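Enquirer:
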Amino acid sequence: MDKDTPFARLALALGRMAAALFVIAAAISVYEVAMRYVFGMPSTWAHVTVTTMCAVGFALGGAYAMARGEHVRITVLFDRLPRRGRGVAETLALAIGLFYLGGLAWGLWGAAERSIWRFSADGAWRPETTPGPPNWPLPALFKAVFVFATVLFALVVVERLVRVLRGKAT
0 MDKDTPFARL ALALGRMAAA LFVIAAAISV YEVAMRYVFG MPSTWAHVTV
50 TTMCAVGFAL GGAYAMARGE HVRITVLFDR LPRRGRGVAE TLALAIGLFY
100 LGGLAWGLWG AAERSIWRFS ADGAWRPETT PGPPNWPLPA LFKAVFVFAT
150 VLFALVVVER LVRVLRGKAT
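Counting along the sequence shown from 1, when you hit position 151 you're at 150 in numbering that gives the first Met the number 0, and nothing is skipped either side.
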């Protein structure tokens, strides 16, 4: 689709890397099951790590799918429209999607900011951490990635919208 644009290329590269997170998450899950049920030694880190890895993968998946031209599209009406009507419909859909992603990024920014920019009374940086051991800053990390992924998705949509408006969309 629009794989030759800068943000689409970035989304595709990050999407391929994010796919590896699912493989690693599956391996960690197998490890956790073996440690818990075979050796009676459950970990304190596997569940939060797997959840965060999968969440990062899902967050980056939207921009990846859009860059590949494989994002969800309801075609029952779209395919029946004349060429010009399809252009108008796609422009409208992309504009609505961009509005949604802008609002989502705006809302996520506040949550990420509160999660990342936390300081203790003595001034030490204390980002939001997991609720128990190992107390890693995974919630703060994910919220930052979610903002980034949403902005990247919006930028891929903008690239697509520009191509549609110029009549160069495929």
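From the three backbone atoms N, C-alpha and C, an ideal C-beta is built for every residue, glycine too.
Computed from a predicted structure; not experimentally measured.
#1: If contacts are defined as beta-carbon pairs under 8 Å, then L9 and L151 qualify, I think. What distance do you get, rounded to the angstrom?
#2: From the DSSP output, in three-state form, read off W116 for me.
#3: Look at the alpha carbon of P136 and the alpha carbon of Y99, and state the distance between them as a whole number of angstroms.
#4: Put W135 into one of helix, strand or coil per three-state DSSP.
#5: With DSSP as the reference, identify every bridge partner of W124, one or two as the case may be.
#6: So, is L164 buried or exposed, given that buried needs 16 or more other C-beta atoms within 10 angstroms?
#7: Identify the continuous alpha helix (DSSP H) that holds I170 and give its terminal residues.
#8: Quick check: the stretch 46-64 against the stretch 122-140, are there 3 or more CB pairs under 8 Å?
#9: Can you give the beta carbon distance from R125 to R113, rounded, assuming they're within the 8 Å contact cut?
Expert: With the given structure in hand:
#1: As a working note, residue 9 is residue 10 in the sequence shown. As a working note, residue 151 is residue 152 in the sequence shown. Between L151 and L9 the Cβ distance is about 7 Å, and since that is below 8 Å, they are a contact.
#2: Here the question's residue 116 lines up with position 117 in the sequence shown. Three-state result, W116: coil.
#3: As a first step, residue 136 must be located in the sequence shown, where it is residue number 137. As a first step, residue 99 must be located in the sequence shown, where it is residue number 100. Rounded to the nearest whole angstrom, the C-alpha separation of P136 and Y99 is 28 Å.
#4: Working through the sequence shown from its first residue, we reach residue 135 at position 136. Reduced to three states, the DSSP call for W135 is coil.
#5: To locate residue 124, count along the sequence shown from 1; it is residue 125. DSSP lists F118 as partners of W124.
#6: Within the sequence shown, the letter at position 165 stands for residue 164. So L164 counts as exposed.
#7: Because the chain spans 0 through 169 in this model, residue 170 falls outside it and cannot be assessed.
#8: By the Cβ test, the stretch 46-64 is in contact with the stretch 122-140, since at least three Cβ pairs between them sit closer than 8 Å.
#9: Counting from 1 along the sequence shown, the entry for residue 125 is found at position 126. Counting from 1 along the sequence shown, the entry for residue 113 is found at position 114. Contact doesn't hold; Cβ gap of about 12 Å is too wide.
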